[in-house]
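> One structure coming up, written as C-alpha cells, with questions to follow.
Protein chains: 2
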Amino acid sequence: MLPRHVSEACQRSGRACFLLAIEGEADAAVSAIADAVVPLGAIGRTLVLLKEAGCKDVILAGQVRRPDFRTLSLDLRGARLLPKVMTAARKGDDALLRVLGATLETEGFRLVGVRDVAGELLAPHGRLGAQGPSAQHRADIEKGVSILRALGPFDIGQAIVVCDGLVLAIEAAGGTDLMLKHCVELPEALRGTAAARRGVLVKLPKQGQEMRLDLPAIGPETVENAAQAGLAGIAVGAGVALLLDRPAIVESADRTGLFVVGLKEDEWREGAAP
Amino acid sequence: MLPRHVSEACQRSGRACFLLAIEGEADAAVSAIADAVVPLGAIGRTLVLLKEAGCKDVILAGQVRRPDFRTLSLDLRGARLLPKVMTAARKGDDALLRVLGATLETEGFRLVGVRDVAGELLAPHGRLGAQGPSAQHRADIEKGVSILRALGPFDIGQAIVVCDGLVLAIEAAGGTDLMLKHCVELPEALRGTAAARRGVLVKLPKQGQEMRLDLPAIGPETVENAAQAGLAGIAVGAGVALLLDRPAIVESADRTGLFVVGLKEDEWREGAAP
Numbered sequence: 054m055l056p057r058h059v060s061e062a063c064q065r066s067g068r069a070c071f072l073l074a075i076e077g078e079a080d081a082a083v084s085a086i087a088d089a090v091v092p093l094g095a096i097g098r099t100l101v102l103l104k105e106a107g108c109k110d111v112i113l114a115g116q117v118r119r120p121d122f123r124t125l126s127l128d129l130r131g132a133r134l135l136p137k138v139m140t141a142a143r144k145g146d147d148a149l150l151r152v153l154g155a156t157l158e159t160e161g162f163r164l165v166g167v168r169d170v171a172g173e174l175l176a177p178h179g180r181l182g183a184q185g186p187s188a189q190h191r192a193d194i195e196k197g198v199s200i201l202r203a204l205g206p207f208d209i210g211q212a213i214v215v216c217d218g219l220v221l222a223i224e225a226a227g228g229t230d231l232m233l234k235h236c237v238e239l240p241e242a243l244r245g246t247a248a249a250r251r252g253v254l255v256k257l258p259k260q261g262q263e264m265r266l267d268l269p270a271i272g273p274e275t276v277e278n279a280a281q282a283g284l285a286g287i288a289v290g291a292g293v294a295l296l297l298d299r300p301a302i303v304e305s306a307d308r309t310g311l312f313v314v315g316l317k318e319d320e321w322r323e324g325a326a327p
Numbered sequence: 054m055l056p057r058h059v060s061e062a063c064q065r066s067g068r069a070c071f072l073l074a075i076e077g078e079a080d081a082a083v084s085a086i087a088d089a090v091v092p093l094g095a096i097g098r099t100l101v102l103l104k105e106a107g108c109k110d111v112i113l114a115g116q117v118r119r120p121d122f123r124t125l126s127l128d129l130r131g132a133r134l135l136p137k138v139m140t141a142a143r144k145g146d147d148a149l150l151r152v153l154g155a156t157l158e159t160e161g162f163r164l165v166g167v168r169d170v171a172g173e174l175l176a177p178h179g180r181l182g183a184q185g186p187s188a189q190h191r192a193d194i195e196k197g198v199s200i201l202r203a204l205g206p207f208d209i210g211q212a213i214v215v216c217d218g219l220v221l222a223i224e225a226a227g228g229t230d231l232m233l234k235h236c237v238e239l240p241e242a243l244r245g246t247a248a249a250r251r252g253v254l255v256k257l258p259k260q261g262q263e264m265r266l267d268l269p270a271i272g273p274e275t276v277e278n279a280a281q282a283g284l285a286g287i288a289v290g291a292g293v294a295l296l297l298d299r300p301a302i303v304e305s306a307d308r309t310g311l312f313v314v315g316l317k318e319d320e321w322r323e324g325a326a327p
C-alpha cells in the first residue's frame with residue numbers, strides 16, 4: 054500500500070510520478086495503477102524503463118520478499134549484480150537495500166526517501182487518537198527501545214512487543230504482522246486481552262538504517278493485529294515512522310481502545326539531544 | 054521430562070530423592086511418579102512437605118508457565134511472597150526464579166543445580182551425531198552467539214535461529230519449540246527445507262543466568278522441530294546445556310540429517326579464556 058500512498062502524495066504536490074511495480078511482489082491494487090510491471094530480476098529492463106520515462110529521482114517503497122536466488126530469473130544486468138546482492142543479503146535487509154540503492158545511484162538516479170516527497174505520511178510527536186500510554190506502558194516502551202537499540206548493530210527487526218516488563222516477541226525475518234499474530238498464541242496469563250489490554254508494540258528504525266530505503270510503517274491492519282494480540286498500544290518514532298492512512302489508524306485505535314503514540318527522537322535514538 | 058531425568062540420575066547415583074510435582078504444570082508422566090503433587094500457590098505447604106521428607110538440597114527442574122497472578126490461589130505463605138514474585142516477574146523469567154530460589158534458601162534449604170546431581174545430562178564439547186557444521190553453519194552460529202550476547206542484559210530468550218546470515222527468529226516468551234514452529238511459516242526462500250537444509254538453532258544460557266535455576270535444554274523433540282523448520286543443525290553450550298535423552302537426540306539428528314554440536318565456553322561466553 055505504501056507505493057499507492059507515495060504516488061498519491063506526488064499527485065497532490067504536483068510532482069510527476071512513474072510507478073513501476075515488481076511482478077508478483079506488488080499488491081494487485083498497486084500493479085493495477087502502475088505505469089509498468091517488471092519481474093524482480095529484470096534489473097537492466099528496470100533501468101531502461103526509468104530512463105525512458107525521464108525519471109531523475111527514485112523512491113524504493115513497499116516490501117519485497119527475499120527472493121530465492123537459486124530460482125530467480127535474471128536479465129544480463131541482474132546477473133552481473135547477483136553476487137553483490139547475495140553477499141549483502143546474508144547481512145540483512147538493510148545491506149540488501151543499500152546495494153540496490155547504490156546501483157541506482159551509479160546509473161545517475163538520485164535516491165530519495167518517502168520522507169522527501171510524502172512528509173505528510175510521517176508520524177507526529179505525541180498521541181494520535183483518544184487514548185494515551187499509562188506509566189506501565191511508558192516503562193514497557195522504554196524497555197522495548199533499549200532492546201531494539203541493543204539489536205541495532207545486527208540489522209534484524211524493527212519491532213518488539215513488551216508486556217508488563219516481559220518481552221513477548223521480537224521481530225525477525227517474518228515482519229511485524231506475523232510477530233503480532235504469534236503473540237496471540239501465547240497463554241493469556243502472559244499477555245493482555247480485549248477485556249484487559251496490556252503490553253505495547255514498539256516499532257523504530259534500525260540503528261544506522263538508511264532512512265531513504267526502509268522506514269518503519271504502520272497501517273490500520275497493524276492496529277487491528279495489535280488489538281487481536283491484546284495489546285494496549287503502539288509506539289513509533291515521530292518523524293521517521295510512516296502512517297499509512299492516518300485517519301483509518303486513528304479510527305481503528307479509538308474503536309479498539311488502543312493508544313498510538315509518536316516518540317520524540319530523544320526518547321528512542323541513542324545519543325540524541327533531548 | 055527434566056524432572057524424570059533428574060530423578061533417574063539421583064537413583065543411579067544412590068542419592069535419595071523426593072519428587073514434588075506442581076499441579077497442572079508437571080507432565081502427567083512426572084506427576085505419576087511424584088512423591089507429592091501441590092498447587093503452584095501452595096508455598097507454605099511445599100515448604101512443610103520438603104521439611105517433613107527430610108530434604109536438604111532442592112533442585113528446581115522443568116518448566117512452569119507464568120501464572121495468572123490475578124486468579125492464582127495462594128496459601129498464607131504464598132500470599133506473603135506474592136508482591137516480590139510479581140515485581141520479579143516483570144523483569145523476566147530469571148528474576149522470577151531467583152526470588153523462588155532465595156525463598157528456599159531463607160528456609161534453610163540448599164539450592165543445587167541439575168548440573169550438581171546429573172552431570173551426565175550436560176552436553177559434551179564437539180559434535181554429537183554423524184553430521185558436523187559447515188563453514189557457513191559456523192558463521193551462522195557465530196552471528197547467533199553475538200546477538201544472544203547483546204540480548205544478555207535483558208533476561209529474554211536463550212535461543213535464536215540464523216540462516217545464511219539472516220536472523221529468522223529470536224526466542225521470547227513463547228519458548229524454543231514455538232519459535233521453531235514459527236520458522237516453518239516463513240517463505241521457503243528464507244529458510245531451508247528437508248531437501249536442502251539451511252540455518253542453525255543456537256541455544257545458550259543467558260548472560261548472568263543463575264545456572265542452578267534454568268539451564269537451556271534440548272530433547273529429541275527439539276531436533277524434530279528444528280528438522281521441520283528446515284534447519285541444518287543445533288548448537289548448544291557444552292557443559293551448560295542439558296541433553297534430555299541423549300541417545301534419542303542422536304538418533305533423531307542422524308535420521309533427519311541434522312548436526313548437534315556443543316560449543317566450548319570460549320566460543321560462546323563473552324570474555325571467557327580460549
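As you go down the protein sequences, you meet chains A and B in turn. If you're matching positions, the first sequence starts at 54 in the working numbering and goes up one per residue. If you're matching positions, the second sequence starts at 54 in the working numbering and goes up one per residue. All C-beta atoms, glycine included, are put in the ideal place defined by N, C-alpha and C.
Using a beta-carbon distance below 9 angstroms, is Val220(B) in contact with chain A?
By this cut-off, Val220(B) is an interface position.
> Between Ala141(B) and the rest of its own chain, which residues show a CB-CB distance below 6 angstroms, the 5 nearest in sequence each way excluded?
Around Ala141(B): Ala148, Leu149 and Val152.
> Kindly confirm or deny that the region 246-261 of chain A and the region 275-291 of chain A touch, where touching means at least three C-beta pairs closer than 8 angstroms.
Touching, per the Cβ criterion.
> Please confirm if the region 191-199 of chain B is in contact with the region 239-246 of chain B, defined as three or more CB-CB distances below 8 angstroms between the two stretches.
Result no; under three Cβ-Cβ pairs closer than 8 angstroms.
> Contact between the region 62-80 of chain B and the region 305-316 of chain A: three or more CB pairs below 8 angstroms?
These segments do not touch.
> Would you report the Cα separation of Asp88(A) and Arg98(A), rounded to the nearest angstrom?
Each residue's Cα considered, the two are about 14 angstroms apart.
> Classify Ser126(B): buried if its beta carbon has 16 or more other beta carbons within 10 angstroms, exposed otherwise.
Ser126(B) should be labelled exposed.
> What residue does the beta strand (DSSP E) around Ile96(B) start on, and which one ends it?
Segment Ile96 to Glu105 is the alpha helix (DSSP H) holding Ile96(B); no beta strand (DSSP E) there.
> Suppose you measure from the CA of Met54(A) to the CA of Ser60(A); what does that come to, to the nearest Å?
So the two alpha carbons sit approximately 10 angstroms from each other.
> Locate the alpha helix (DSSP H) running through Lys256(A), then write down its first and last residues.
Here Lys256(A) belongs to no alpha helix (DSSP H); instead the beta strand (DSSP E) covers Val253 to Lys256.
> Use the C-beta contact count for Phe122(B): other C-beta atoms within 10 angstroms, 16 or more gives buried, fewer gives exposed.
When all chains shown are included, Phe122(B) counts as exposed.
> Run through chain A and tell me which residues come within less than 8 angstroms of Leu239(B), C-beta to C-beta.
Those are Ala226 and Gly227, listed as they occur along chain A.
> Compute the distance between the beta-carbons of Leu316(A) and Ala291(A), then report whether it is under 9 angstroms.
Yes, they are a contact pair.
> For the alpha helix (DSSP H) that contains Val167(B), what are its first and last residues?
Segment Val167 to Val170, the alpha helix (DSSP H) holding Val167(B).
> With C-beta atoms as the reference, is Val289(B) less than 9 angstroms away from Leu257(B)?
Contact: yes.
> Quick one: which chain A residues come within Cβ less than 7 angstroms of Ile223(B)?
Ordered by position in chain A, the residues that pass the 7 angstroms Cβ test against Ile223(B) are Ile223 and Ala225.
> Any beta-carbon of chain A closer than 9 angstroms to the one on Ser199(B)?
Yes - at least one Cβ of chain A is within 9 angstroms of the one on Ser199(B).
> Please check the pair Ile271(A) and Ala294(A), which I expect to be a contact at CB under 8 angstroms, by giving their CB distance rounded to whole angstroms.
At roughly 6 angstroms, the Cβ-Cβ gap stays under 8 angstroms, so Ile271(A) and Ala294(A) are in contact.
> Pull up the DSSP beta-bridge partners for Phe71(B), would you.
Phe71(B) is not bridged to any residue.
> Looking only at its chain, what residues have a beta carbon closer than 6 angstroms to the beta carbon of Met232(A), apart from the 5 residues adjacent to it on each side?
Counting only Cβ-Cβ distances below 6 angstroms, and skipping sequence neighbours, we find Ala222 and Glu224.
> Does Ser32(B) pass the burial test, meaning 16 or more other C-beta atoms within 10 Å, or should it be called exposed?
Outside the shown range of chain B (54 to 327) lies residue 32(B), about which nothing can therefore be said.
> Tell me the rounded alpha-carbon separation between Pro92(B) and Gly77(B).
Between Pro92(B) and Gly77(B), the C-alpha separation is close to 8 angstroms.
> In chain order, what residues of the same chain have a beta carbon less than 7 angstroms from the beta carbon of Glu158(A), not counting five sequence neighbours either side?
So the list reads Leu164, once near-sequence residues are dropped.
> List, in order along the chain, the chain A residues whose C-beta lies closer than 8 angstroms to that of Leu204(B)?
Going along chain A in sequence order, the residues near Leu204(B) (Cβ under 8 angstroms) are Ile200, Ala203 and Leu204.
> So His235(A) contacts chain B; which residues on that side make the cut at Cβ distance below 8 angstroms?
In chain order: Gly227, Leu231 and His235.
> What in chain A is Cβ-close to Pro120(B), meaning under 7 angstroms?
Residues of chain A passing the Cβ test: Ala242.
> Kindly identify the DSSP beta-bridge partner or partners of Gln184(A).
Partner(s): Phe312(A).
> Can the beta-carbon of Leu102(A) be found less than 9 angstroms from the beta-carbon of Val111(A)?
Not closer than 9 angstroms, so no.
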